[in-house]
Structure formats: C-alpha cells, structure tokens
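Visitor: What the sequence shown shows, in mature numbering (1 follows the signal peptide of the UniProt record, and there is no 0), is residues -31 to -1, 1 to 772, in sequence order. Think of the CB as a built atom: it goes at the ideal place given N, C-alpha and C, for glycine as much as any other residue. Sharing a structure, written as structure tokens. Questions coming.
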Amino acid sequence: MLAVDTANTSVTMAFKFGLGLLLSVWLCTNCHPIHMDCHERFLRISVDPAVAGNDPLFEAVDGASVYPITTQYAAVCGYTINVCPLSGFVFLKASYFSCHTENQVDEVFTFYFNLKVNPDGKEVTYSLNKTCSPSVPWSAREVTCMMNYMEVSVSSDLVCPTGTRKDDWNAVIQTAYTSATSDWQVMFHRGKEHLQPTRLSEAHTQGYMFDLTERRLVFRTPYGQPDSYSTQMSGVPVEVVHTTLFSRQSWVVIMVDLVAACSMDEGSFNNGYITWETPEVLHPLVSGNYNTQVSVGVNGELVEQLVAEERGYVVEKHNATVMISIPYKADGGQRKSSVMGDLYEYYIFPLYVEQISEDEDHMYTRLRFDNMLVTPLLPRPVFTENRTVLEDRVFTVYLGDVPEDVKLTAVQLNGCIYTVPFINSSGHTITEVVHDNHTHDYTVQVPFDHHVVTEQFSREDEAMKVMIDINFTLTVLPENEHFYQHTSVYTLKKPSPPEFEANCSETGIIFKMDHRPFDYLWFISIGSERLTPELAAEHKYNMRNDSQSLVLEVPLFTDGYQYKDFSLKGFLGTFEILVRDHEMSNVQGSTVKTCPFTAPEIIACSTDGMMAAIVDLSQSVANGGIPARTNLVDKYCGPKEADDTRMLFSFSLNSCGSIAKLGKDYVTYENEIFINELHAPRNLFGSTYTGIKLQCTYPLAGLHRLFSKYKFESDTEGVGRIVRDGAHSTEVVQKPMEITAVLQTPVPATSRHTKPVLKPAHRPPIGYLMVPSLLKNLSKKGWCLNFFCFFYPNQMSTARCKF
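This is the structure in structure tokens:
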C-alpha cells in the first residue's frame, strides 16, 4: 500500500473590503504580443491586450480534438487564466500535468493551444505550441496550490510510510474485500467520516482528476468541492481533501492514500507588511521528527536568500506556523488604483513559496504556493499645491503624486469645463510630467486676466481677491472610474482706482464711472478740488450720481479745460479727472480726454505764458479791413492764420508789445489788435485801431516768474478775455492797479501781404521783479512804485502808477 499526503497553501488574500477584487491578476513583465516561457512546474503564456482584445479564448489542442478552456474546465484540468489589471495583459498558466499535455517520461512536456481573439470585430486564431522540461528533479511527493486548484503528484515507486493512519486504511481494506469489482475506486475521508467509494469515472464527473503517468500518480481538485473540509492547523484555516484510491486484484488490495491541504489564510496587513501564514506541516501523513526549509520568490520564480533579505522579505517560524511578511511596495509587486468615493489603492504581490519537508523516513515533500497577496484598500490621496508667483500674474496650481493608472480627463475652471485632449489655446495651459517612481503630475496655469478668473473685493483685507476654483476630474484606467480633486486658490492685489469712460459731445466732454463696492477707498477731484455737488454747481458742471454710476458732463469753456492746437478750423480741448486716495490725497489714477471743438471766437492763456486767440472781424471786414493785415501793438506781430473774417493770434505774453497790469491778487497781460481799414483814421503806426483788446489774467499766488523775458511759469491757466469798445467781459477779476510796462519784443508775422523788415533778435537787459516783496508793501502808504517797473535802455517804454 502507498500512502501519499499532499499539502499546499493557496494565498487568495482577498481582504474582505467588499470590492470583489479581481484575484486573477498577474504581474506584467513582457512586452511581446505573445510570449511563452517555461517555469519549474508550469508553462506561462502572456498576451498583449492589443492582441487579446476584450474576450480572448484559449483552447487546448489534443490531436484532432479542441477543448475550450473555460473557468470550470481550467480548474479541473490544471490551467489558470489571469488578467493583469494595470496593463490588460492576459496570462495562461498550464501545469506540466495538465489534461492535454504530451508527456515523455515526465521529463519533456509539449503544449498545444489555440488563441482566439476578436480585437477588431474579426475573429483571428493563433496556433501556439511550446516544449518545456522541469528545471529541478521531481521530489517523491509534490503538492501545488494554485489560485483555482490543488494538485498532488507522487512517485510510483514509493514505499509505505511509517506514519500511515491505519484507521483510514482499515476502512478501505474492508470495502475493497467486499467489493465484487476489480476496477479502481475512490473513497473520500472527511475527518473521521469515511464516505462511500465511487468509481474513478464518476469522480471525474464530479470535478476530480486522477492520472497515472510513466512514473507518477497525479490527483487534482478545484477548491470548495463537496468532499473537502475545512479545519484549523496550528491556528491557521486549512482546506483539506483526503482520498484513498484502491483496487482489489484477487487477494491483493492496492491502495494509494492522497491528502491535499492548502492554507486558506486571508492574510493581514500591518505596519506596511502583508503577512501570510501556513502550518509548518499541512498533511496528517507526516508525523514524528521532520525538517522544513522555506524559500520565497515572486511571479513563479524563487530568489536566493540574500536577494530576499535585500527586498525585505521576512520568513519566521512561530511554534508550528510559518509566517511570511512582504513589504507591500516590495520589488515584484504591483499596485492598482480603485475608487470608493475617494481614491484608494491596493497592492498585489504574486507570492511564490516553496516548502520542503523531510520526514523520519527521509521522504521529501515539496509544496509550492503560487498565488496572490493583496492588501486591503489603502487611502491614496493626490494633492494640490498653489505655486502662484504674484509677480508673474499667473495662477499656477500643481496636482501631484498621481498614480500611473490615473489620468486627468477634465478640468473645470470656475465652472468652465475643458476636456482631453487639452489644447493650450484658450489662454490657460495644462502640462504633464511623468516621473520614474510610476507617478506623474499636472500643472495648470491660468493668467490673472483670463476670462474665467473672478475678482471680489475683501473689506477685511481692503484688497481685491482674485480667485479661481479648479475641479480636476481624474479617471482610473482601464475601469474608467472617476473621482474629483477640488481646490480654490486666490491672491490679493491692490484694487485698481476707478476708471471713467469718456466721450466727446458738441458742447463738452461726458465722463461716466460705474460704481464698485470698494470705490470708497478713493475720491474724485478736479485738479486739487474734490468733486462734490457743490463744486459741480459752482463750475457749471452737470453731475448725476446714483447707486449705479456717476455721470459728469463738463461743458466747454468751464474750469479745468486745457486747450491746444488752435487753428481756424478748430482746436483741441482736454479735461482731466483725478482719482486720489483717502488717506494721503495722493493721485492714484486719472482719466484724460481730449476732444476736437470749434468756436467763432476763443482766447486761451496757458501756464507757460502763451496767449492764443481766434477773433471775428466781420464788422471791420465790412469797412474794407483785411484780417490777414492785422497786427498787435508790435506791428511785426501778425496773425498765424487768417481767412475772410477771422484771424488767429498766438504769441508769448511778454512779447508783441504786451503790457502787464498788476493788481493785489492778479496780474493781467494785455495786447491790442490793429487793422488797416479804408475809411478810418490812422494811428501813430499807420494802422486803424479796432478797439479789440486781448487779455490774460493770472492769480499772483500761482506765478513762479513774472515779467520774465525768457521764461514764464504759472500753476494755473490764465483767464482770457476779448474786450471790444463799449463791451465788457463776462469774466470778473479784481480791478487791477495799473503798474504798466510796455514790452516791445519783435515777433515776425506769419501771414502778411507785405513782407516786413526783419531785424536780428535783440535781448536788452531786463529787470526782475520779486512779486512777494511788492505785495508786502501794497497795503501801506501810497508809494509811487515806478522804480519797480521794467525799463529798457534805448527803447521806448512807459511806466506809471495809480492808486
């Protein structure tokens, strides 16, 4: 009689976290479309997903017959089909004793398979064949615990071991002697219970496989069979199938006792290690003294002890239990992402363990465990980081530590959705960087002025909060499970001063400003004066201010205008509105608007001492006067432009014979226009006086230089008047105290019919009048101030004083 016990452990470490994890997973190690390689006790075929498609089908070929390898058929006949969850590679493992393998003296094994795939809707069949030989000799007893079945093989020349349980054999012997047939039968034992024997053919229909090769007897069974039972060995759950194969040949009974036992430990995860346990002795037929040696490997290959130690593999024995601990990120493992609301991950380690036991009969039992260790779901957060540099004026948001099986498929920027493929043509950019540690990251950059960016005033910070809300949509492949990573980033920036929209009208300039919540940080001024309803009424501005906007209509010729580019066709008028901060009244911004205008007559007095006047001489023209032949007090100062009725004069205040009249608070520069009329009395210069005076009046407080021949400076524009005989200006100025100096500085006329005699420019000596010194004495006794007047030697000049 031959007693054979087999023990093995199936590491189906699917932690009970309710995911239904795919346990048929394998490490992807090949890049060939179809690759076949031989291992110690099995052949492995790997198929690229580009070839395999969605539903690949393996068929075992045995001569002229073909057998589809279904899930149930694989467990019975010694095949295991796995799918790599990360890359989609498909793997087939075939035992050397699988059903349709050509076996030559248990030394050479030849496999024939068909692979049927349908990647593009058209079925394609690949014929595969491979010949393998065991890399190590067969042991007397060998047990393999695969993912879906247990397999036992024993040498046919074994002697009866000393540790045989005689109770089991006695039950078989009694049954064999009472049997009327010599056919081989099978009796299963469940603990101390002995089931009724059954024929081999009937056992085969129940999913059991018995095979006798040239030198070995093979028994294979799927897990969870009705005749198996679960028990505890050294505190470890074990599934056991115990069967006795017997046959009566006349007065002789041949019996073979076979025991398959595999650890059903689901494993544990502590402190970064996956720990799996198995009893040191799994099969009850091993008794007495024994020695056990354990080796660990990965993916069907054992590694040397030094390599295992370097990788952090730990093998320990506690009492009668072998404990194997593997770092969950150890080399040879694989991680997979999963979505359960948030992102999680689990690690898969294709554990390969060999346990060699030697009993007191010096019989060796080699047990191999080829299965997967799987961690429970572990939180796997990705993170976002605000890397914005304020000076760049670009939001930069970093999404980091993204696993390689997770891809960014969409980004929401303040509600605007952008999906893959990301095209960096909408003002923002999304870039990806791949790292060597199987992670990648994304960087999103959005300019502050992008249309999706929002701004909101923060009263607490008294600053503008520039904000963007980003929602990343990340997808786990190939399952297409989505999860989301949300972040909001903002930066504070100094709020911009109010800005006005300005438009020209025929009668002036219209300014409009929409109110903002933070406009209280500033106030509006015209020059140095704060804009109020009272100021607007005083300067004849039209102001409308409501909860929505401020509208200011500034009529032409009101205070605050500056004029330039005078011609008879028109001129330019410029008005400026200032924005000042409340604390220091410093100018923070301004709105300047320049518009073209036309007017029949105008006079302007600039801050740099220039007078420009367009004068209508229609009445003089009727008396035969020609505007082009007019001149000022200095007959060499003619108009810059002239047409039939009007002329343009532009000259420096201290030229062309202008006189200065000094009052207590003002100084007035005055000149006169002369025209040749056919029917009018002549003056001293041969011209006819029209009775038109041009005046510019400046406040003394704003003057920096007065009566200077080479420079004139004033803080404000002067008030201009065109005064005709018998008419009065509408401008009200302080009555001047006439301290008069006639300044005669030749200025050539630009538009005359008779070419004047031009003299070289002459710069006579000039006195300088200190205005503050003069004003200090005006309120005292009635002094004649003729010694303050300018006097030019060798030139005609007058000076007089009046009180």
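Could you give the DSSP three-state label for Ala229: helix, strand or coil?
Guide: Three-state DSSP puts Ala229 in a strand.
Visitor: Which runs of the beta strand (DSSP E) spanning at least 3 residues fall entirely within the stretch 605 to 648, listed in chain order?
Guide: Counting whole runs of 3 or more residues, the stretch 605 to 648 contains the beta strand (DSSP E) stretches 615 to 621, 628 to 631 and 635 to 644.
Visitor: With a 10 Å radius around its C-beta and 16 neighbouring C-beta atoms as the bar for buried, classify Gly660 as buried or exposed.
Guide: Gly660 is exposed by the Cβ-count criterion.
Visitor: Taking just the CA atoms, how far does Ser64 sit from Leu12?
Guide: The straight-line gap from Cα to Cα measures roughly 7 Å.
Visitor: Between Glu470 and the rest of its own chain, which residues show a CB-CB distance below 6 Å, the 5 nearest in sequence each way excluded?
Guide: Only Lys481 meet the Cβ criterion.
Visitor: Going by DSSP, what residues sit across from Trp245 in a beta bridge?
Guide: Answer is Ile293, bridged to Trp245.
Visitor: Let me confirm a value: Asn491 is counted as buried when at least 16 other C-beta atoms fall within 10 Å, else exposed. Which label applies?
Guide: It should be pointed out that residue 491 corresponds to Trp in this sequence rather than to Asn. So Trp491 counts as buried.
Visitor: Can you list, in chain order, the residues of its chain with a C-beta nearer than 7 Å to that of Glu354? Leave out the 5 residues immediately preceding and following it.
Guide: Excluding positions up to five away in sequence, the list reads Tyr367 and Gly369.
Visitor: For Val413 and Ile439, which I take to be in contact (beta-carbon distance under 8 Å), what is that distance rounded to the nearest angstrom?
Guide: The Cβ separation is near 6 Å, so the contact holds.
Visitor: Could you name each continuous beta strand (DSSP E) segment of 3 residues or more that falls completely within the stretch 500 to 569, going from the start of the chain to the end?
Guide: Complete beta strand (DSSP E) runs here, min 3: 511 to 514, 518 to 524, 531 to 536, 539 to 550 and 556 to 566.
Visitor: Please name the residue in Leu586, Asn623 and Leu622 whose C-alpha comes closest to that of Arg615.
Guide: If we check each option's Cα against that of Arg615, Leu586 comes out closest.
Visitor: Under a Cβ-count criterion, where at least 16 other Cβ atoms within 10 Å of its own Cβ denotes burial, should Leu181 be classed as buried or exposed?
Guide: Leu181 should be labelled exposed.
Visitor: Work out the CA separation of Tyr315 and Pro447 for me, nearest whole Å.
Guide: So the alpha carbons of these two residues sit roughly 15 Å apart.
Visitor: Spatial neighbours of Ser516 within its chain, please: CB distance less than 8 Å, with the 5 preceding and 5 following residues excluded, ordered by chain position.
Guide: So the list reads His484, once near-sequence residues are dropped.
Visitor: Does the Cβ-Cβ distance between His397 and Leu377 come in under 8 Å?
Guide: Cβ distance not < 8 Å, so His397 and Leu377 don't count as in contact.
Visitor: In its own chain, which residues sit with a C-beta less than 8 Å from the C-beta of Val105, not counting the 5 before and 5 after it?
Guide: For Val105, where only same-chain residues beyond five positions count, the Cβ hits under 8 Å are Glu9.
Visitor: Fully enclosed by the stretch 382 to 463, which alpha helix (DSSP H) runs are 4 residues long or longer?
Guide: Within the stretch 382 to 463, no complete alpha helix (DSSP H) run reaches 4 residues.
Visitor: First and last residue of the beta strand (DSSP E) that includes Glu183?
Guide: Taken as a continuous stretch (DSSP letters only), Glu183 belongs to no beta strand (DSSP E), as it is neither H nor E.
Visitor: With a threshold of 16 other CB atoms inside 10 Å of the CB of His331, please say whether the residue is buried or exposed.
Guide: When all chains shown are included, His331 counts as exposed.
Visitor: Counting Cβ pairs closer than 8 Å, one from the stretch 504 to 518 and one from the stretch 553 to 573, do we hit at least three?
Guide: As far as the Cβ criterion goes, the stretch 504 to 518 does not touch the stretch 553 to 573, which means the pair count is below three.
Visitor: Sort out for me which residues DSSP pairs Thr94 with in a bridge.
Guide: Note: Thr94 sits in a beta bridge opposite Lys85.
Visitor: For Gly477, which residues in the same chain have their Cβ closer than 7 Å to its Cβ, ignoring the five residues on either side in sequence?
Guide: Excluding positions up to five away in sequence, the list reads Glu522, Val523, Pro524 and Leu525.
Visitor: Please work out which residues of its chain come closer than 8 Å, Cβ to Cβ, to Pro569, disregarding the five sequence neighbours upstream and downstream, and give them in chain order.
Guide: Answer for Pro569: Ile583, Asp585 and Arg615, listed in chain order.
Visitor: Helix, strand or coil for Gln194, going by three-state DSSP, please let me know.
Guide: Of the three classes helix, strand and coil, the one that applies to Gln194 here is coil, per DSSP.
Visitor: May I have the straight-line CA-CA distance separating Asp374 from Ser465, to the nearest angstrom?
Guide: C-alpha separation (whole angstroms): 46 Å.
Visitor: Taking the alpha-carbon positions, what's the Tyr333 to Tyr259 distance?
Guide: Taking the straight line from one Cα to the other gives about 10 Å.
Visitor: Helix, strand or coil, according to DSSP, for Ser587 in the structure here?
Guide: The answer is helix: DSSP assigns Ser587 an H, G or I state.
Visitor: Which same chain residues end up closer than 6 Å to Arg356 when comparing Cβ atoms and leaving out the 5 residues on each side of it in sequence?
Guide: Once the five neighbours on either side are set aside, the close Cβ partners of Arg356 are Thr365 and Tyr367.
Visitor: Please report the distance separating the alpha-carbon of Phe58 from that of Asn117.
Guide: Approximately 19 Å between the Cα atoms of the pair.
Visitor: What did DSSP end up calling Gly671 once you bin it into helix, strand or coil?
Guide: In the structure shown, Gly671 sits in a helix (DSSP, three-state: H, G or I).
Visitor: According to DSSP, is His4 helix, strand or coil?
Guide: Note: His4 maps to strand in three-state DSSP.
Visitor: Looking only at C-alpha atoms, which of Asn288, Phe318 and Val291 sits nearest to Asp300?
Guide: That would be Phe318, whose Cα lies nearest to the Cα of Asp300.
Visitor: Going by the beta-carbon positions, is the gap between residue 774 and Gln664 smaller than 8 Å?
Guide: The requested residue 774 does not occur in the structure, where the chain is confined to residues -31 to 772.
Visitor: To the nearest angstrom, report how far apart Ile644 and Ser536 are at their CA atoms.
Guide: Going from the Cα of Ile644 to the Cα of Ser536 covers about 20 Å.
Visitor: When you compare the CB positions of Thr423 and Tyr411, do they come within less than 8 Å of one another, or not?
Guide: No, they are not a contact pair.
Visitor: With 16 other CB atoms within 10 Å as the buried threshold, where does Met765 fall?
Guide: Bear in mind that a pLDDT of 35 at Met765, under 50, signals an unreliable position, so the model cannot answer this.
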